[in-house]
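Participant:
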Amino acid sequence: MNDFDRWIKGELENHEATRPESAWDQFASRLDASEAQETASNRFDAAMKQKLDHFEAGYQEQHWQLFRRRLEEQARQRAQMLQLKVLEGALLLLIMLTLWNFWSMDTILPTSPQPIAQISPTLRENASGLHDLPARTVRETNLPGEETSTSVSVTQPPFRPDRSETILLPLTRPAFAVSLADQPSAHPRFAEMTIQTPTLSEGSSRPSMDILEPITTHEPPLLESLPPVLANIPPLAGASSRRHKVSMAIRGDLNYVMTPYDQLLVKKGYDQVVSGYGGMIGYLQEGPTWSWRTDLAYSRTYYLPKPYTEVFDGDIQRGYFAETIRDIELNMVSLSFQVQRTLKRKNRWHTYALLGGTGHLAFQANYDRKQSYIPGADPNTGGPPEPLTQSKTSQKRYADGFFEGGSLAENSYMTIDLGIGLENQLNERVSVFMEPVYQHNPFKKSLGPNNDRINTLGIALGTRISL
Numbered sequence: 016m017n018d019f020d021r022w023i024k025g026e027l028e029n030h031e032a033t034r035p036e037s038a039w040d041q042f043a044s045r046l047d048a049s050e051a052q053e054t055a056s057n058r059f060d061a062a063m064k065q066k067l068d069h070f071e072a073g074y075q076e077q078h079w080q081l082f083r084r085r086l087e088e089q090a091r092q093r094a095q096m097l098q099l100k101v102l103e104g105a106l107l108l109l110i111m112l113t114l115w116n117f118w119s120m121d122t123i124l125p126t127s128p129q130p131i132a133q134i135s136p137t138l139r140e141n142a143s144g145l146h147d148l149p150a151r152t153v154r155e156t157n158l159p160g161e162e163t164s165t166s167v168s169v170t171q172p173p174f175r176p177d178r179s180e181t182i183l184l185p186l187t188r189p190a191f192a193v194s195l196a197d198q199p200s201a202h203p204r205f206a207e208m209t210i211q212t213p214t215l216s217e218g219s220s221r222p223s224m225d226i227l228e229p230i231t232t233h234e235p236p237l238l239e240s241l242p243p244v245l246a247n248i249p250p251l252a253g254a255s256s257r258r259h260k261v262s263m264a265i266r267g268d269l270n271y272v273m274t275p276y277d278q279l280l281v282k283k284g285y286d287q288v289v290s291g292y293g294g295m296i297g298y299l300q301e302g303p304t305w306s307w308r309t310d311l312a313y314s315r316t317y318y319l320p321k322p323y324t325e326v327f328d329g330d331i332q333r334g335y336f337a338e339t340i341r342d343i344e345l346n347m348v349s350l351s352f353q354v355q356r357t358l359k360r361k362n363r364w365h366t367y368a369l370l371g372g373t374g375h376l377a378f379q380a381n382y383d384r385k386q387s388y389i390p391g392a393d394p395n396t397g398g399p400p401e402p403l404t405q406s407k408t409s410q411k412r413y414a415d416g417f418f419e420g421g422s423l424a425e426n427s428y429m430t431i432d433l434g435i436g437l438e439n440q441l442n443e444r445v446s447v448f449m450e451p452v453y454q455h456n457p458f459k460k461s462l463g464p465n466n467d468r469i470n471t472l473g474i475a476l477g478t479r480i481s482l
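Residue numbers (our numbering): 16 to 482.
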């Protein structure tokens, strides 16, 4: 610290105020007086504070309606996305089950016919006494009016080369009798058999099995010695040429919605294409060329009418009333009867065409309509008043679904169906198919408050199982 600093320090330490204590009171009073004076800035701040404290946003119902519609559209899109993902998962599960079934059939069943000796040799080993019979020789005998008989030795298949075995052929018609040589008492039931063959040509070393006639016997047929329950079983008939199948499928739809001219609202007609989805189960009786089928299906149709707001009551002072139809949802069940004709079969592939008719029934219907109020110029109305008249939109026909108490005439229509299909046979019982079908409504039958007619192009993906 130098001399100057020490001097400053000493002066400050020894300094004494020369003003009296009352001077501070005067200074405080002057400061309060200056703060109490209202300046222009203070007046502006006070006005802004009052406005902000009592500020209320003006109510615009149209804005809130628009905001609500956006929120509902987002919720609808999320729900539709979830439904589509569930359908995709169901289709994937169906394909996996079909492929698993196909793989299991190929694993369990043999791919080509095999001799019984190779499939179940143990069963042949355990046959009751037939393997113990020695080789039999049919003696040659000449009887009047019959062809020459030739001695033939029949042996068992190669899987037992050390033994001989008797093969019993079907019993068809009577013929001349020959006796079995070598131990005829070994099996008394087959002690006498007959076999008839054409005369062998010179130089033949042995008879061909292709020219052997059926063997007969004078003993009673084997069926007569069976128990009565088995003996009364009728002979098996030939396999039927028709097959019975059941099917299950999911489908996506393109609905062509035609809205006619509205005489009540004096509004021109319009068309729109909207998507839908559904599923179906069916029964098919399949023939070589012609088949018939019936299907029971569910479908959901959702669409938005062309925006139109009807202002039906009010004035500029007390406000206006408006009403509009926002969306329409129809849950449908349909029953179809169709004839199917095979176009071509190649390997496992099968193409076909179908023609028929379908009855559609709206069992549940939702009509979302909204009535709104537009405030007028008079702020002292005290809230939305009641409308004095009824809107034309509310006079339309809003039929409840058939399961909700609606009538059959208001909720049904008929279509003519035309389609084509492609089917792949995975195995003897299971097949998968793709089937686009167009359903046309020619009868001008309509649904809903706008008298909408619906034509549908649907594509079904599914599987069929033979019964």
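Positions of the beta carbon are idealized from the N, C-alpha and C atoms, including for glycine.
Find the nearest neighbour of L350 within the set I343, T366, G374, L369, judged by alpha-carbon distance.
Facilitator: G374
Participant: Could you check where the beta strand (DSSP E) with G334 kicks off and where it finishes?
Facilitator: 334-361
Participant: Do G463 and F448 come within 8 angstroms of each other at the CB atom, strictly closer than that value?
Facilitator: no
Participant: Starting from I385 and walking both ways along the beta strand (DSSP E), at which residues does that stretch end?
Facilitator: For clarity, residue 385 is Lys in the given sequence; the question names Ile instead. Membership of K385 in the beta strand (DSSP E) is indicated by the continuous run 364-389.
Participant: Taking the alpha-carbon positions, what's the T357 to M96 distance?
Facilitator: 37 angstroms
Participant: Report the three-state DSSP secondary structure of T113 (helix, strand or coil).
Facilitator: helix
Participant: Would the beta-carbon of I469 fall within 8 angstroms of that of T274?
Facilitator: no
Participant: Alpha helix (DSSP H) containing G302: first to last residue?
Facilitator: No alpha helix (DSSP H) contains G302, which DSSP labels as neither H nor E.
Participant: How far does the beta strand (DSSP E) with E438 in it extend, from its first residue to its last?
Facilitator: 427-440
Participant: Please report how far the alpha carbon of F70 lies from the alpha carbon of D60, in whole angstroms.
Facilitator: Each residue's Cα considered, the two are about 15 angstroms apart.
Participant: Which of the three DSSP states is assigned to V281 in this structure?
Facilitator: coil
Participant: In chain order, what residues of the same chain lie with their CB nearer than 7 angstroms to the CB of L102, ignoring the 5 residues before and after it?
Facilitator: I265, Y292
Participant: On the DSSP letters alone, give me the boundaries of the alpha helix (DSSP H) that D468 sits inside.
Facilitator: For the record, residue 468 in the displayed sequence is Arg; it is not Asp. Run containing R468: none in the alpha helix (DSSP H); it sits in the beta strand (DSSP E), 468-481.
Participant: Compare the beta carbon distance of G477 and M347 with 8 angstroms and say whether it is the shorter of the two.
Facilitator: For G477 and M347, no; Cβs fall outside 8 angstroms.
Participant: Can you round the beta-carbon distance between Y318 and V289 to whole angstroms, since I take them to be within the 8 angstroms contact cut?
Facilitator: Contact holds; Cβ gap of about 4 angstroms.
Participant: Run through DSSP, which three-state label would I265 get?
Facilitator: strand
Participant: Tell me which same chain residues have a C-beta within less than 8 angstroms of the C-beta of W305, skipping the five on either side of it?
Facilitator: V354, Q355, R356, T357
Participant: According to DSSP, what are the bridge partners of Q454?
Facilitator: D432, T471
Participant: Just grab the DSSP bridge partners of L107 for me.
Facilitator: Paired residues: none, contrary to the question.
Participant: Alpha carbon to alpha carbon, how far is V326 from E338?
Facilitator: 7 angstroms
Participant: Have a look at G420 and L67 and give me their C-alpha separation to the nearest angstrom.
Facilitator: 55 angstroms
Participant: So, helix, strand or coil for M16, using DSSP?
Facilitator: coil
Participant: Given a cut-off of 8 angstroms on the beta-carbon distance, is the pair L345 and A377 in contact?
Facilitator: yes
Participant: Can you check which of these residues, L370, P35, S314, S481, is closest to Q379 by C-alpha distance?
Facilitator: S314
Participant: Quick check on the DSSP output: the beta strand (DSSP E) that includes D330 runs from which residue to which?
Facilitator: Counting along the chain, D330 sits inside the beta strand (DSSP E) bounded by residues 325-330.
Participant: Report the CB separation of Y382 from Y413 in whole angstroms; it is logged as a contact under 8 angstroms.
Facilitator: 5 angstroms
Participant: Report buried or exposed for V445, applying the criterion of at least 16 other Cβ atoms within 10 angstroms of its Cβ.
Facilitator: buried
Participant: Give the straight-line distance between the Cα atoms of E425 and R479, rounded to the nearest whole angstrom.
Facilitator: 35 angstroms
Participant: Please report the distance separating the alpha-carbon of D268 from that of L106.
Facilitator: 16 angstroms
Participant: If you reduce the DSSP assignment to three classes, tell me which class H78 lands in.
Facilitator: In the displayed model, H78 falls within a helix according to three-state DSSP.
Participant: Would you tell me roughly how many angstroms separate the C-alpha atoms of R83 and Y276, rounded to the nearest one?
Facilitator: 29 angstroms
Participant: How should P35 be labelled, buried or exposed, when 16 other C-beta atoms within 10 angstroms of its C-beta is the threshold for buried?
Facilitator: exposed
Participant: In three-state DSSP terms, what is G25?
Facilitator: helix
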